[in-house]
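Novice: Residue numbers for the sequence shown follow our numbering, beginning at 3 and rising by one.
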Amino acid sequence: TPVSALIHAATMVTAGVYMIARMNFVYALSPAAMTVVAAVGAATALFAGTIGVAQNDIKKVLAYSTVSQLGFMFMGVGVGAFAAGIFHLMTHAFFKACLFLGSGSVIHGMGGEQDIRKMGGLKQHMPITFWTFTVASLAIAGFPLLAGFWSKDEILWKTWSTQALVLPGWMLWLLGITAAAFTAFYMTRLVVLTFLGEPRWSVAPAPDPADAGHGTHDAGHATHDAGHATHDSGHPAWHGPHESPWPMTAPLVVLMVLSIVGGFIGMPHWMPGGGVFEHWLDPVCPDMTQGRAAETALLSPTAAGAHPQEHEGQAHGPPVMEILLMLVSIGVGLGGIWAGLKVYYWGRGKRAEAFAERNRELYELVRDKYRVDELYQNVVIEPLLAVNETVGRFDNAIVDGAVNGAGDASVGLSKRTGIFDNDVVDGGVNATALAIQFAGRATRRIQTGRIRSYVQSAVVGGLVVIALYCVYLQRDALGVFMGWK
Numbered sequence: 003t004p005v006s007a008l009i010h011a012a013t014m015v016t017a018g019v020y021m022i023a024r025m026n027f028v029y030a031l032s033p034a035a036m037t038v039v040a041a042v043g044a045a046t047a048l049f050a051g052t053i054g055v056a057q058n059d060i061k062k063v064l065a066y067s068t069v070s071q072l073g074f075m076f077m078g079v080g081v082g083a084f085a086a087g088i089f090h091l092m093t094h095a096f097f098k099a100c101l102f103l104g105s106g107s108v109i110h111g112m113g114g115e116q117d118i119r120k121m122g123g124l125k126q127h128m129p130i131t132f133w134t135f136t137v138a139s140l141a142i143a144g145f146p147l148l149a150g151f152w153s154k155d156e157i158l159w160k161t162w163s164t165q166a167l168v169l170p171g172w173m174l175w176l177l178g179i180t181a182a183a184f185t186a187f188y189m190t191r192l193v194v195l196t197f198l199g200e201p202r203w204s205v206a207p208a209p210d211p212a213d214a215g216h217g218t219h220d221a222g223h224a225t226h227d228a229g230h231a232t233h234d235s236g237h238p239a240w241h242g243p244h245e246s247p248w249p250m251t252a253p254l255v256v257l258m259v260l261s262i263v264g265g266f267i268g269m270p271h272w273m274p275g276g277g278v279f280e281h282w283l284d285p286v287c288p289d290m291t292q293g294r295a296a297e298t299a300l301l302s303p304t305a306a307g308a309h310p311q312e313h314e315g316q317a318h319g320p321p322v323m324e325i326l327l328m329l330v331s332i333g334v335g336l337g338g339i340w341a342g343l344k345v346y347y348w349g350r351g352k353r354a355e356a357f358a359e360r361n362r363e364l365y366e367l368v369r370d371k372y373r374v375d376e377l378y379q380n381v382v383i384e385p386l387l388a389v390n391e392t393v394g395r396f397d398n399a400i401v402d403g404a405v406n407g408a409g410d411a412s413v414g415l416s417k418r419t420g421i422f423d424n425d426v427v428d429g430g431v432n433a434t435a436l437a438i439q440f441a442g443r444a445t446r447r448i449q450t451g452r453i454r455s456y457v458q459s460a461v462v463g464g465l466v467v468i469a470l471y472c473v474y475l476q477r478d479a480l481g482v483f484m485g486w487k
């Protein structure tokens with residue numbers, strides 16, 4: 003869970019948002035590109051926000067809330083309010099880290115249980131976790147004066163007043179304000195089902211002292227029965243929720259405080275002490291909600307700095323309209339919280355169950371995340387696997403077959419060439435060598451080094467030559483004598 007907190011509060015949300023904010027001077031050159039970024043962000047905020055309503059795993063609710071808040075950040079940088087997008091990234095880190103670590107505290111206190119339908123009534127058993135989790139939930143829901151309120155409201159106002167897009171800002175604002183309502187609703191649902199109401203968990207019976215250290219466990223696995231976990235052999239049975247130790251609760255308190263005060267540095271410019279965060283980032287992330295005018299100000303920083311009040315007025319517009327939209331945002335957030343309490347706290351979830359029964363297909367569609375995973379499975383993964391299998395067979399049968407055939411042919415040719423080389427070439431060479439060796443052995447016998455032997459050989463040789471010459475001279479007579487002629 004700390005890893006989840008790090009990913010959802012810091013690493014994952016910073017990648018694309020920071021890249022677009024830091025490359026703002028490029029995006030400002032294309033209103034169409036900024037419109038795509040803002041539209042995708044607004045659609046993502048609403049799309050993921052609706053999914054969070056139907057999730058029952060405490061971490062999945064928070065995971066899809068992260069995706070929804072990512073949509074808000076991209077909506078902010080997409081409309082040209084780059085500082086507002088980074089501001090929401092910062093405040094989101096506070097309350098989302100608190101929420102994820104709080105969920106880890108709940109899972110720890112519940113003996114590994116993550117299904118919020120099997121919780122309830124944890125407020126009395128885990129007071130620190132409850133209050134920190136609740137404050138962080140109010141912050142992400144946009145409760146007035148908390149960190150999430152200032153950053154989310156800034157994005158919504160900039161979206162309404164932007165002139166940097168090819169679409170009117172109010173269209174995206176409607177998507178964003180609807181997503182904000184869903185955020186307040188599903189976070190209230192999460193708090194109520196987890197901490198309030200009647201407990202929906204049961205405690206494992208006390209172990210028999212005679213069986214201490216043993217017990218019946220499912221080897222290698224944890225089985226859930228009536229909302230409680232029976233752990234692997236060697237772990238004690240769970241006997242009810244309990245508050246986490248201070249190394250887990252202390253970070254929750256720190257993050258809760260940041261979720262309360264972390265947004266004040268980004269208050270609107272017309273408030274006392276407001277506009278600090280935006281002015282701080284202005285050298286690298288200037289406000290470009292006014293389109294080409296802001297781009298000109300960026301390319302001419304001296305001109306932009308000569309009249310800061312005029313630039314500030316362009317960025318924020320009339321305070322009356324901004325205040326009016328702030329009140330609308332407050333009303334929507336409080337309305338989402340009230341709806342969540344009405345359905346899941348006062349109504350004990352009966353309305354939600356009745357709605358799910360009447361709209362079973364819609365409920366299952368949202369619960370299954372609009373079956374995006376199944377869509378990827380059927381449209382992307384399975385066709386790719388089929389292509390991979392076909393290409394694999396082609397590679398094995400044709401490509402590898404050709405390569406292996408060429409290899410076998412080369413091996414056969416090499417064997418035949420080897421036989422010819424060994425038997426014919428090497429045989430001829432070796433025979434010549436043996437003949438020379440034999441001749442050498444035979445002729446070296448006449449090389450005795452004795453003059454007497456050489457004289458005898460010369461005399462005998464001379465006589466042989468003379469005899470042969472005489473025979474040659476008398477060849478005709480010898481032929482008649484021998485009867486050859």
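All residues carry an ideal CB built from backbone N, CA and C; glycine is no exception.
Can you name, in chain order, every residue of its own chain whose Cβ lies under 7 angstroms from the Cβ of residue 347, other than the five neighbours on each side?
Specialist: 194, 198, 199
Novice: Who are residue 59's beta bridge partners in DSSP?
Specialist: In the DSSP assignment, the residues bridged to residue 59 are 117.
Novice: So the alpha helix (DSSP H) residue 18 belongs to, where does it begin and stop?
Specialist: 14-24
Novice: Decide if the segment 82-90 is in contact with the segment 398-417; the criterion is three or more beta carbon pairs, one per stretch, under 8 angstroms apart.
Specialist: No: fewer than three Cβ pairs fall under 8 angstroms.
Novice: Measure from the alpha carbon of residue 148 to the alpha carbon of each residue in 264, 74, 136, 247, then state which is nearest.
Specialist: 264
Novice: Please name the residue in 189, 452, 23 whose C-alpha comes closest to that of residue 70.
Specialist: 189
Novice: Considering only C-alpha positions, which residue in the set 389, 32, 342, 131 is nearest to residue 245?
Specialist: 131
Novice: Along the alpha helix (DSSP H) that carries residue 377, what are the first and last residues, could you check?
Specialist: 374-378
Novice: Is it true that the CB of residue 187 sits closer than 8 angstroms to the CB of residue 399?
Specialist: Annotated as distal: residue 399 and residue 187, with beta-carbon spacing of 8 angstroms or more.
Novice: In chain order, what residues of the same chain have a beta carbon less than 7 angstroms from the beta carbon of residue 354, not counting five sequence neighbours either side?
Specialist: 345, 346
Novice: CA-CA distance, residue 96 and residue 260?
Specialist: 6 angstroms
Novice: Can you tell me the Cβ-Cβ gap for residue 191 and residue 119, rounded? I've got them flagged as a contact below 8 angstroms.
Specialist: At roughly 11 angstroms, the Cβ-Cβ gap does not stay under 8 angstroms, so residue 191 and residue 119 are not in contact.
Novice: Output needed for residue 112: all residues of its chain with C-beta closer than 6 angstroms, excluding positions within five of it in sequence on either side, in chain order.
Specialist: Cβ within range, chain order: 243.
Novice: For residue 376, is the classification buried or exposed, using 16 other Cβ atoms within 10 angstroms of its Cβ as the cut-off for buried?
Specialist: exposed
Novice: Compute the Euclidean distance between the alpha carbons of residue 417 and residue 401, then round it to the nearest angstrom.
Specialist: For residue 417 and residue 401, the gap between their C-alpha atoms comes out near 24 angstroms.
Novice: My assumption, with CB atoms under 8 angstroms, is that residue 19 sits in contact with residue 68. Please give the rounded CB distance.
Specialist: 12 angstroms between Cβ atoms; not a contact.
Novice: So the alpha helix (DSSP H) residue 105 belongs to, where does it begin and stop?
Specialist: 84-111
Novice: Suppose the cutoff is 6 angstroms on Cβ atoms and the five residues either side in sequence are ignored; what does the same chain contact list for residue 38 look like?
Specialist: none
Novice: With respect to the alpha helix (DSSP H) encompassing residue 476, which residues constitute its N-terminal and C-terminal limits?
Specialist: For residue 476, there is no enclosing alpha helix (DSSP H), as DSSP marks it with neither H nor E.
Novice: Just the C-alpha distance for residue 378 and residue 389, rounded to the nearest angstrom, thanks.
Specialist: 15 angstroms
Novice: Could you check what DSSP says for residue 392 in three-state terms: helix, strand or coil?
Specialist: helix
Novice: Of the choices 75, 54, 6, 64, whose alpha-carbon is the least far from that of residue 22?
Specialist: Among 75, 54, 6, 64, the Cα nearest to that of residue 22 belongs to 75.
Novice: When burial is assigned at 16 or more other CB atoms within 10 Å of the CB, is residue 93 buried or exposed?
Specialist: buried
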